[in-house]
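J.:
Numbering (this note's numbering), first residue to last: 54 to 481.
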């Protein structure tokens, strides 16, 4: 079975390769996405560390002068196939943007240093021969400095996201309250190429897209400079900040490998971990998001709030595991981890980030469980990642209870992480 999963996964990744990078899906997502590339590179590193390195190199080619790694690097030949595209962002007109490629102005969760370290671990000799860590260390440092500096809008030590798309969990219930105050009167015609490749019932609504575009327009029209004092969407997300802390720890490992001092990275990871305590909700048994504009912590349980299980020295491990395995999430019957509280009246196992299980999230939970010594449950999740991916042609996401496939098919991070499970061995 493992050989079959590996062969089918590899075929998807080969089909979605575009000379320098992998697209998430040939039809629905025809450009390079930031955090997708990190997950894809982790899987690729199992069969070709060189190609995994190319994936990250292509992403770093889009880095801005201020250090940000953009959400999307656009394929100039596919601008009509995704909205908002390069013609919407017009990034080359924004000071500090790269001139050799066109990008979005937004960002995505910072899993990149973690991915770079995993690529190195997959073949240290090849990594050293190609100076992979040396080439990327300073770029990753600048990326983290941007998040810890320009994006600490609340002064709490946590990075803010300025758009739901930056969370990676676009229509999560975490954003519902703040989205109510966002206008839906975008100036841009709402072209929806996504609906040519996925059922409308499994995608955000037209009204939601109007709000998404309105926020993106405002951010773009302020030069993507993070200095808009009255910007209405400023959220501290536990998923985003956990990955920043995990990636700071990866930077400490990279620095040690390069013979550089790395204590500051470990200190920064600890600072983020401590700052995240303000987002812990005892009655939910997990973390949640905070609205920086008014200090409110959202009282909803989502997969974002379980990802802090990855943090070393996590003080709420027992409560998080109880929540993971209780009725809100696994409940002794889920195949993969739901994205949203299964006891909520608006849980929908087919609607994007409002209930379905996503392969990258279950993979991160499995990584955390392995670190905590819960290897049997980690193996259960990894086994279902590979099996469900291969059985359903590598879907974007699945019903967590039945495994029924939803979203687009032949999705790259699904294939990459299914591939990774077939090669998995525990690493510190």
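Glycine is no exception: its CB is placed at the ideal position from the N, C-alpha and C atoms.
On a predicted model such as this, the values are computed, not experimentally measured, just so you know.
#1: What are the residues that DSSP puts in a beta bridge with residue 411?
#2: Grouping DSSP H, G and I as helix and E and B as strand, with all else coil, what is residue 291?
#3: Using a threshold of 9 Å, state whether the C-beta atoms of residue 468 and residue 447 are closer than that.
#4: Have a look at 130, 114, 174 and flag the residue whose alpha-carbon is nearest the alpha-carbon of residue 153.
#5: Of the residues 165, 96, 315, which one's Cα is nearest the Cα of residue 189?
#6: Applying the criterion that 16 or more other CB atoms from any shown protein chain within 10 Å of the CB defines a buried residue, is residue 480 buried or exposed?
#7: So with Cβ pairs under 9 Å, would you call residue 370 a contact of chain C?
#8: So for residue 361, helix, strand or coil by DSSP?
#9: What separation, rounded to the nearest whole angstrom, lies between the Cα atoms of residue 396 and residue 386?
#10: Between residue 276 and residue 62, what straight-line distance do the alpha-carbon atoms span, to the nearest angstrom?
#11: Indicate whether the contact test is met: 3 or more Cβ pairs, each with one atom in the stretch 211 to 231 and one in the stretch 345 to 362, closer than 8 Å.
#12: Going by alpha carbons, who is nearest to residue 294 out of 334, 437, 358?
#13: With a CB to CB cut of under 8 Å and the five nearest residues on each side skipped, what residues in its chain are close to residue 95?
#14: What residues match up with residue 70 in a beta bridge as DSSP calls it?
#15: Whole angstroms are fine: how far does the CA of residue 75 sit from the CA of residue 93?
#16: For residue 369, which residues from the same chain have a beta carbon less than 7 Å from its beta carbon, with the 5 sequence-adjacent residues on both sides left out?
#17: Quick check: the stretch 301 to 315 against the stretch 264 to 275, are at least 3 beta-carbon pairs closer than 8 Å?
#18: Could you tell me whether the stretch 153 to 163 touches the stretch 216 to 226, using the rule of 3 or more Cβ pairs below 8 Å?
#19: To the nearest angstrom, report how far apart residue 150 and residue 428 are at their CA atoms.
#20: Of the residues 284, 260, 262, which one's Cα is nearest the Cα of residue 271?
#21: Does the structure place the stretch 432 to 447 close enough to the stretch 388 to 395 that three or more beta carbon pairs sit under 8 Å?
#22: Cα separation between residue 350 and residue 297?
#23: Rounded to whole angstroms, what is the Cα-Cα separation between residue 139 and residue 129?
#24: Please list the terminal residues of the continuous alpha helix (DSSP H) segment that includes residue 378.
#25: Which partner residues of residue 126 appear in the DSSP bridge assignment?
#26: Does the beta-carbon of residue 66 have 16 or more other beta-carbons within 10 angstroms, so that it is buried, or is it exposed?
#27: Rounded to the nearest angstrom, what separates residue 309 and residue 322 at their Cα positions?
#28: So, do the stretch 224 to 232 and the stretch 197 to 209 have three or more beta carbon pairs nearer to each other than 8 Å?
#29: Taking the alpha helix (DSSP H) that residue 231 belongs to, which residues open and close that run?
#30: Please classify residue 89: is it buried, with 16 or more other beta-carbons within 10 angstroms of its beta-carbon, or exposed?
#31: Kindly indicate which residue of 364, 373, 329 has the alpha-carbon position closest to the one of residue 338.
#32: For residue 405 versus residue 257, is the C-beta spacing smaller than 9 Å?
#33: In this structure, does DSSP put residue 95 in helix, strand or coil?
#34: Tell me, which residues are paired with residue 459 by DSSP?
#35: Specify the secondary structure class of residue 299 as computed by DSSP and reduced to three states.
#36: Quick check on residue 417: buried or exposed, where buried means 16 or more other Cβ atoms within 10 Å of its Cβ?
T.: So, to answer that:
#1: Translated into positions along the chain shown, residue 411 becomes position 358. Answer is 450, bridged to residue 411.
#2: Counting from one through the chain shown, the residue named residue 291 turns up at place 238. Residue state, collapsed to three classes: helix.
#3: If you number the chain shown from 1, residue 468 lands on position 415. If you number the chain shown from 1, residue 447 lands on position 394. In this structure, residue 447 lies closer than 9 Å to residue 468 by Cβ.
#4: Indexing the chain shown from 1 puts residue 153 at position 100. For residue 153, the nearest C-alpha among the options comes from 114.
#5: In the chain shown, the residue the question calls residue 189 occupies position 136. Ranking the options by Cα distance to residue 189, first place goes to 165.
#6: The residue given as residue 480 occupies position 427 in the chain shown. Low confidence applies here, because residue 480 scores a pLDDT of 40, under 50, leaving its location unreliable; read the following figure in that light. Exposed is the call here.
#7: Absent from the structure: chain C. Only one protein chain is present.
#8: Looking up residue 361 in the chain shown gives position 308. Helix at residue 361.
#9: Working through the chain shown from its first residue, we reach residue 396 at position 343. Working through the chain shown from its first residue, we reach residue 386 at position 333. Their Cα atoms are separated by approximately 14 Å.
#10: For the purposes of this step, residue 276 is taken as the residue at position 223 of the chain shown. For the purposes of this step, residue 62 is taken as the residue at position 9 of the chain shown. Using only the alpha carbons, I get a separation of about 40 Å.
#11: yes
#12: The residue you call residue 294 lines up with position 241 of the chain shown. Closest option to residue 294, Cα to Cα, is 358.
#13: Position 42 of the chain shown holds residue 95. Excluding positions up to five away in sequence, the list reads 105, 168, 171, 172, 469, 470, 473.
#14: If you number the chain shown from 1, residue 70 lands on position 17. Partner(s): 75.
#15: Taking the first residue of the chain shown as 1, we reach residue 93 at position 40. Taking the first residue of the chain shown as 1, we reach residue 75 at position 22. Those two C-alpha atoms are separated by around 8 Å.
#16: Looking up residue 369 in the chain shown gives position 316. Around residue 369: 333.
#17: no
#18: yes
#19: By one-based count along the chain shown, residue 150 stands at place 97. By one-based count along the chain shown, residue 428 stands at place 375. Approximately 44 Å, taken between the alpha carbons.
#20: Start at 1 with the first residue of the chain shown, and residue 271 comes out as number 218. Among 284, 260, 262, the Cα nearest to that of residue 271 is on 284.
#21: yes
#22: Looking up residue 350 in the chain shown gives position 297. Looking up residue 297 in the chain shown gives position 244. Those two C-alpha atoms are separated by around 20 Å.
#23: Within the chain shown, residue 139 is the residue found at index 86, counting from 1. Within the chain shown, residue 129 is the residue found at index 76, counting from 1. Cα-Cα distance, rounded: 7 Å.
#24: As a working note, residue 378 is residue 325 in the chain shown. Run containing residue 378: 370 to 378, per the alpha helix (DSSP H) assignment.
#25: For the purposes of this step, residue 126 is taken as the residue at position 73 of the chain shown. 85, 156.
#26: Start at 1 with the first residue of the chain shown, and residue 66 comes out as number 13. Classification for residue 66: buried.
#27: Residue 309 sits at position 256 when you count from the first residue of the chain shown. Residue 322 sits at position 269 when you count from the first residue of the chain shown. Their Cα atoms are separated by approximately 16 Å.
#28: no
#29: Position 178 of the chain shown, counted from the first residue, corresponds to residue 231. Run containing residue 231: 229 to 232, per the alpha helix (DSSP H) assignment.
#30: Locating residue 89 in the chain shown gives position 36, where the first residue counts as 1. By the 10 Å Cβ count, residue 89 comes out buried.
#31: Translated into positions along the chain shown, residue 338 becomes position 285. Comparing Cα-Cα distances from residue 338 to each of 364, 373, 329, the minimum goes to 373.
#32: Residue mapping note: residue 405 aligns to position 352 of the chain shown, counting from 1. Residue mapping note: residue 257 aligns to position 204 of the chain shown, counting from 1. Yes, the Cβ-Cβ distance between residue 405 and residue 257 is below 9 Å.
#33: Here residue 95 is taken as the residue at index 42 of the chain shown, counted from 1. Looking at residue 95 - three-state DSSP - the assignment turns out to be helix.
#34: Taking the first residue of the chain shown as 1, we reach residue 459 at position 406. Per DSSP, 450.
#35: Taking the first residue of the chain shown as position 1, residue 299 is located at position 246. The answer is helix: DSSP assigns residue 299 an H, G or I state.
#36: Residue 417 sits at position 364 when you count from the first residue of the chain shown. Buried: at least 16 other Cβ atoms inside 10 Å.
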